[in-house]
Structure formats: C-alpha cells, structure tokens
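Trainee: Residue numbers (full-length UniProt numbering): 1 to 292.
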C-alpha cells in the first residue's frame, strides 16, 4: 500500500496530484449545500471544502471534482453519496457542559416552575444539532440530578443531527477522558464508566443515561421535522450561525411551531433573535420563551 502522492509501480515516474476544485465546481457545490441544508459556503470556504472532499474523491476513485459533482447530482449519487458529502462539510464542535450558565438556569429556574405547572407529566426536550452527543448527555445528567430531588419527575430527550458520522459516535457514547474534564467530579462517579483497559483513557456514559436519549438524523431544511408532539424545551446552540438571516428566520419559525405554549429555546451565546420575525420573548441571555 502506497501513500497518496507516492510513485506508482504500474506507471514509473508518475506522481498522483490532488484534484483542484475549480471556481465553477465550487459554485455548483456551494449552491447545492445551501439548497440542501441551508449552510452558507462563501468563497473563503473554498480551500476548506476542497480539502474535506478530497477524501470522498479518493474513496470513490475519482480524479476530478467535475466527475464528483456529476455523480453527486445524479439520482444514484443523491441516494448513495449525499449523506457522505454532508458528513464531510458540516462542522461538529461541542463540549460537555458548554456554556454552563444555561444548565444552571435550566435546573434552578426552568425545571422547578415546569414541575409545579405539570405535576406527573414527562418533560420532552430536544437537542437540535447534537453533534457527537456531549450536549444531550449533559442534559441527561442535569435532568437526572433534578429527578433525584423531585420524585415523580421524568424526562425524555430527542437528539438530532444531519451527520450520520457524529450520530454513530453519539450512540456509542464513548469519549476520551480529556473530553469529559468539564463534567463535575460527582457526576463523573455516577454517570461515567471507565474502560477496563485503564491505559486507553476512554470512558462511556452509563446505560441508564443512554436509555434516556433517542438519536435520529434530521435536516433542518425539511419542512416537517416529523415531531409527533410539541416540545417543552429546545437546545439549539451555535447552529444557526451557519445560516443566513432568511434561513435563520424560517428555521426558528419551524421551531416555534413545534414548541408548546410557555416552552423554552436555548440558543448559543453568539446568536440572537434580534430583527427576526419570530414570536419568542427573551427571558435570560440567549434563552427565549414562547408566550402562553
């Protein structure tokens, strides 16, 4: 096996060069990515897109981005390659207990009020854009701790992402010890299992928490999210920053349709609803509520 760019034994002296993404093909791909999943792909992202899709060209045995585009836009390509391509171009960055003040506000303000208003009910929460699972498992820890202090409280978490690659990692629930550093020590003892091979430096979320989270693939550009019921809480943090303002507004209107009266949506600290035509009221920094 020879590394990419090495001399080929069959063709002595010939060096394999990486394919170059032309302006035309970049335009085709960027328009397709925007139309398919709403992600902006400006000219400054051309080098990034070229580098990420090189892996798909190699996997498919293709030598040009033109060939790749022609295949991707065919009926066969849309069936077989679309998800692979989206996995390559979407950015998935998250951490356990990211923006921790949100979880404090959730446990100290939102949940006590919800329990008073909905005795005996099951809280439904959606981690929208869950990436590799750190956010929904953080929520599961926080909600489990609240349940210990509030007998009868129960919850279920739906976690979605467009990337099948990160969803598979989320379902496995295995993380490096360095990734779980933000988890409080008491939570680590309760909710994390260390590998039998201590030298591996890996931990896994306990089964009791894994059972509380249901993962599925979802594209925010779908008109119907397929929700069977309205939700009490949505966490959609550091996601809409990748969309332009018209797309942000459409997406938030869809979220609004899937929220119960009085429910909450938590956004990222770099995101704002200012200037968007969405009937949500600010109740805390980057936390909004649907009026009752």
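Glycine included, each C-beta is placed from N, C-alpha and C at the ideal position.
Do you know whose CA, among 213, 24, 124, lies nearest residue 67's CA?
Mentor: As a working note, residue 67 is residue 67 in the chain shown. Nearest of 213, 24, 124 to residue 67, Cα basis: 24.
Trainee: Are residue 48 and residue 30 closer than 8 Å when you measure CB to CB?
Mentor: Counted from its first residue, the chain shown places residue 48 at position 48. Counted from its first residue, the chain shown places residue 30 at position 30. Taking 8 Å as the Cβ cut-off, residue 48 and residue 30 do not qualify as a contacting pair.
Trainee: Where does residue 133 fall in DSSP's three states?
Mentor: Mapped onto the chain shown, residue 133 falls at position 133. Here residue 133 sits in coil by DSSP.
Trainee: In or out: residue 159 buried (at least 16 other Cβ within 10 Å) or exposed?
Mentor: Looking up residue 159 in the chain shown gives position 159. Residue environment analysis places residue 159 among the buried positions, since at least 16 neighbouring C-beta atoms fall within 10 angstroms of its C-beta.
Trainee: Note down, in chain order, each residue of its chain lying with its Cβ closer than 6 Å to the Cβ of residue 134, except the 5 sequence neighbours on either side.
Mentor: Residue mapping note: residue 134 aligns to position 134 of the chain shown, counting from 1. Excluding sequence neighbours, residue 134 sits near 94, 95, 96.
Trainee: Which same chain residues end up closer than 8 Å to residue 180 when comparing Cβ atoms and leaving out the 5 residues on each side of it in sequence?
Mentor: The residue you call residue 180 lines up with position 180 of the chain shown. Within the same chain, residue 180 has close Cβ partners 96, 188, 192, 203.
Trainee: Tell me which residues share the same chain as residue 171 and place their Cβ nearer than 6 Å to its Cβ, disregarding the 5 neighbours each side in the sequence.
Mentor: Counted from its first residue, the chain shown places residue 171 at position 171. Answer for residue 171: 215, listed in chain order.
Trainee: What is the DSSP secondary structure of residue 154, reduced to helix, strand or coil?
Mentor: Here residue 154 is taken as the residue at index 154 of the chain shown, counted from 1. Strand at residue 154.
Trainee: Here's a check: name, in chain order, each residue in its chain whose Cβ is nearer than 8 Å to the Cβ of residue 142, leaving out the five neighbours to either side.
Mentor: Counting from 1 along the chain shown, the entry for residue 142 is found at position 142. Answer for residue 142: 103, 106, 107, listed in chain order.
Trainee: Can you give me the C-alpha to C-alpha distance between residue 178 and residue 38, rounded to a whole angstrom?
Mentor: Here residue 178 corresponds to residue number 178 of the chain shown, with the count starting at 1. Here residue 38 corresponds to residue number 38 of the chain shown, with the count starting at 1. Each residue's alpha carbon lies about 33 Å from the other.
Trainee: Just confirm the distance between the C-beta atoms of residue 201 and residue 176, as a whole number of angstroms; I'd bet it's less than 8 Å.
Mentor: As a first step, residue 201 must be located in the chain shown, where it is residue number 201. As a first step, residue 176 must be located in the chain shown, where it is residue number 176. Confirmed, about 6 Å.
Trainee: Going by DSSP in three states, residue 159 sits in which element: helix, strand or coil?
Mentor: Here residue 159 corresponds to residue number 159 of the chain shown, with the count starting at 1. In the displayed model, residue 159 falls within a strand according to three-state DSSP.
Trainee: What residues are listed by DSSP as bridge partners for residue 176?
Mentor: Working through the chain shown from its first residue, we reach residue 176 at position 176. According to DSSP, which records beta bridges pairwise, residue 176 is partnered with 202.
Trainee: Can you give me the start and stop residues for the beta strand (DSSP E) that residue 265 sits inside?
Mentor: For the purposes of this step, residue 265 is identified with residue 265 of the chain shown, where counting begins at 1. Residue 265: member of the beta strand (DSSP E) spanning 259-267, first to last residue.
Trainee: Find the nearest neighbour of residue 136 within the set 213, 146, 288, 78, judged by alpha-carbon distance.
Mentor: Taking the first residue of the chain shown as 1, we reach residue 136 at position 136. The shortest Cα separation from residue 136 among 213, 146, 288, 78 belongs to 213.
Trainee: Counting only the same chain and skipping the five closest in sequence on each side, list residues whose C-beta sits under 6 Å from that of residue 81.
Mentor: Counted from its first residue, the chain shown places residue 81 at position 81. The residues are 72.
Trainee: Is residue 43 buried or exposed, if buried means 16 or more other CB atoms sit within 10 Å of its CB?
Mentor: In the chain shown, counting from the first residue as 1, residue 43 sits at position 43. Around the beta carbon of residue 43, fewer than 16 other beta carbons sit within 10 angstroms, so the residue counts as exposed.
Trainee: Quick test of your reading: residue 276 and residue 249, contact by CB under 8 Å. State the CB separation rounded to the nearest angstrom.
Mentor: In the chain shown, the residue the question calls residue 276 occupies position 276. In the chain shown, the residue the question calls residue 249 occupies position 249. Sure, about 5 Å apart at Cβ, within 8 Å.
Trainee: Of all the options 263, 206, 183, which has the alpha carbon lying nearest to the alpha carbon of residue 194?
Mentor: Locating residue 194 in the chain shown gives position 194, counting from the first residue. It is 206 whose Cα lies nearest to the Cα of residue 194.
Trainee: If we require 3 or more residues per run, which beta strand (DSSP E) segments fall completely within the segment 62-142?
Mentor: 122-128
Trainee: Nearest-angstrom Cα distance between residue 229 and residue 236?
Mentor: Position 229 of the chain shown, counted from the first residue, corresponds to residue 229. Position 236 of the chain shown, counted from the first residue, corresponds to residue 236. Residue 229 and residue 236 have their C-alpha atoms some 18 Å from each other.
Trainee: In terms of DSSP beta bridges, what is residue 192 paired with?
Mentor: Translated into the one-based positions of the chain shown, residue 192 becomes position 192. BP columns for residue 192 point to 205.
Trainee: Go through its chain and collect everything with a Cβ distance to residue 54's Cβ below 8 Å, but skip five positions before and after it.
Mentor: In the chain shown, the residue the question calls residue 54 occupies position 54. The answer, listed in chain order, is 18, 19.
Trainee: From residue 98 to residue 128, what distance separates their C-alpha atoms?
Mentor: Within the chain shown, the letter at position 98 stands for residue 98. Within the chain shown, the letter at position 128 stands for residue 128. Taking the Cα positions, residue 98 is about 15 Å away from residue 128.
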